[in-house]
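Numbering (this note's numbering), first residue to last: 50 to 498.
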Amino acid sequence: MIDRLLDAACATVDGADALWRREDRTAVAFESGRLKTAGVTEETGVNLRVVAGGRMGVAGTTAAAPDLVELIARARASAQLGEALALAFPPAAPLPSVPTHFDGAANASLDDLIRMGRTLVERLAREGCQVNVAIERELGETAVGNSAGARGGYRSSAVAVTAEVVRIAADDVLTIYDQYLGADLPGDGDIEALVRSIETRLEPALTVVAPPKGALPVVFTPAGLAAVLLPLEQALSGRTVLQGSSPLAGKIGERAFDARFSVSDDPLAPGRPASRPIDDECVPSAPAPLVERGVVRRFVYDLETAALANARSTGHGRRGIFGKPHIRYTNLIVGDGPRPTPDAQGRGSRDVGRALGGGLLEGIADGLLVDDLIGVGQGNVVGGGFGHPVGLAYRVERGEITGRVKDAAVAGNVYDLLKQIAGFGTDGRWLGSRWSPSLRLEGVSVARR
């Protein structure tokens with residue numbers, strides 16, 4: 050398909066690249082402990098990008114038998130209205146080896162996933178609580194190529210298991226949730242870790258205490274770090290730099306953060322659903338150090354932003370069936386990253402016995418442990434400022450959790466807070482496509498609402 054499409058396209062345009070992708074999804078959902086839905090969906094499509102007359106155009110189709118001539122015509126028509134861009138397609142190059150497809154995930158039946166969901170429902174059942182579980186298995190196949198002769202392809206598997214416990218008592222609604230996300234089925238240790246994680250946070254949350262207030266030490270768990278890390282993800286994007294809105298623009302080689310703080314993106318991390326040997330623009334994958342020991346090292350680019358910035362793509366191009374490619378991170382790693390485990394597939398990497406906060410609560414006379422914030426992503430994210438009500442947070446007094454706080458909010462600026470980090474937790478874990486430990490930050494503004 051890719052070869053025929055590119056051969057036909059290159060007869061009428063200056064250059065082109067294309068993607069073919071097939072995705073099969075199997076989903077199971079339990080609500081209030083009962084099986085609610087179970088089903089399978091499939092999608093296959095082709096995306097074509099062309100450069101004609103120095104302008105870029107894109108077209109896509111999900112037709113079962115795509116008309117390649119019509120697809121090329123639509124891409125050429127799009128180029129007539131597209132932006133002028135000197136886009137250079139990468140040549141053929143060796144691809145790294147990374148496991149992306151696991152037979153355990155691929156061979157699991159719908160009944161297997163339903164049994165897994167029932168097991169979680171039974172393990173998490175509590176009097177007065179509602180248990181919801183969702184399991185999704187995705188199997189994919191991707192092929193990419195361009196007019197410069199580059200070709201690549203891989204099969205992929207991904208499994209997401211999300212569990213949620215909801216407790217409603219009068220006007221108090223408490224929701225505790227966690228997720229396993231991997232390229233293979235979760236092992237017994239992963240299921241145990243998921244259950245323990247919810248149990249560990251549920252018990253102290255049953256006691257509600259008054260929130261503290263003032264500029265205080267706050268421990269952000271891996272789940273609670275979204276508001277702190279999201280501004281960095283945007284600021285380290287080449288598109289944000291080009292738009293002139295990144296606070297890190299012009300700071301390559303400069304120390305901008307605590308000397309112990311590092312961030313990297315690794316598309317070759319074992320056992321992760323986002324790992325791949327090649328991006329969607331035929332650029333071979335490689336780890337990308339973004340911040341090393343507090344020093345800004347690079348920004349991430351796809352082919353378009355690299356061309357506009359006179360830089361090289363870092364292999365972060367991602368495209369859907371419709372629309373042009375865009376920048377997307379793969380596996381974002383904060384700190385030194387996960388330690389190798391006996392399981393080369395990256396499973397069973399969570400220590401189920403770890404306490405909340407990863408050992409960072411000691412010495413806190415009065416402060417917060419934040420596990421979830423409401424409204425992350427709203428407001429001027431790239432500027433680094435945040436101010437969010439807490440979704441799930443605990444008061445810490447004399448180094449101990451004394452209960453859950455309600456009607457409180459935290460605020461601060463990540464570029465100030467990350468200049469001097471008070472501590473890194475021992476509870477590093479994967480949460481979605483991000484690995485991080487808990488962080489203790491001093492002087493976070495805590496207010497009562």
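Ideal placement from N, C-alpha and C gives every residue a C-beta, glycine not left out.
Since we're looking at a predicted model, the values are computed, not measured.
Take glycine 64, set aside five residues on each side of it, and the residues of its chain with a beta-carbon closer than 6 Å to its own are Val100, Phe138, Ser196, in chain order.
Bridge partners of aspartate 233 according to DSSP: none are assigned.
Between the C-alpha atoms of arginine 70 and alanine 57 there is a straight-line separation of about 19 Å. In this structure, the straight-line span from the alpha carbon of alanine 212 to that of valine 312 is close to 28 Å.
When DSSP states are grouped into helix, strand and coil, valine 268 belongs to the strand group. Boundaries of the alpha helix (DSSP H) around glycine 153: 152-156. In this structure the stretch 256-265 does not touch the stretch 231-245; the number of beta carbon pairs closer than 8 Å is below three.
If you compare the alpha carbons of Ala458, Ile450, Ile121, Leu410 with that of valine 107, the shortest gap goes to Ile121. Note on geometry: alpha-carbon atoms of leucine 291 and valine 180 lie some 46 Å from one another. If you draw a straight line from the Cα of asparagine 96 to the Cα of alanine 192, it comes to about 11 Å. Shown here for serine 81: same chain residues with a beta carbon closer than 6 Å to its own, the five before and five after excluded, namely Gln179 in chain order.
If only uninterrupted alpha helix (DSSP H) runs of at least 4 residues are considered, those enclosed by the stretch 348-386 are 352-358. Excluding residues up to 5 positions away in sequence, Leu188, Ser206 lie with their Cβ nearer than 7 Å to the Cβ of alanine 155 in the same chain. Contact between valine 268 and proline 235 does not hold, since their C-beta atoms are separated by about 27 Å, which reaches or exceeds 8 Å. In this structure, glycine 448 lies near glutamate 411, with their beta-carbon atoms less than 7 Å apart. Residue state for serine 487 is assigned as coil, using DSSP reduced to three classes. Beta-carbon to beta-carbon, proline 280 and valine 425 are separated by about 10 Å, too far to satisfy the 8 Å threshold.
Using a Cβ distance threshold of 7 Å, glycine 299 and alanine 358 do not count as a contacting pair.
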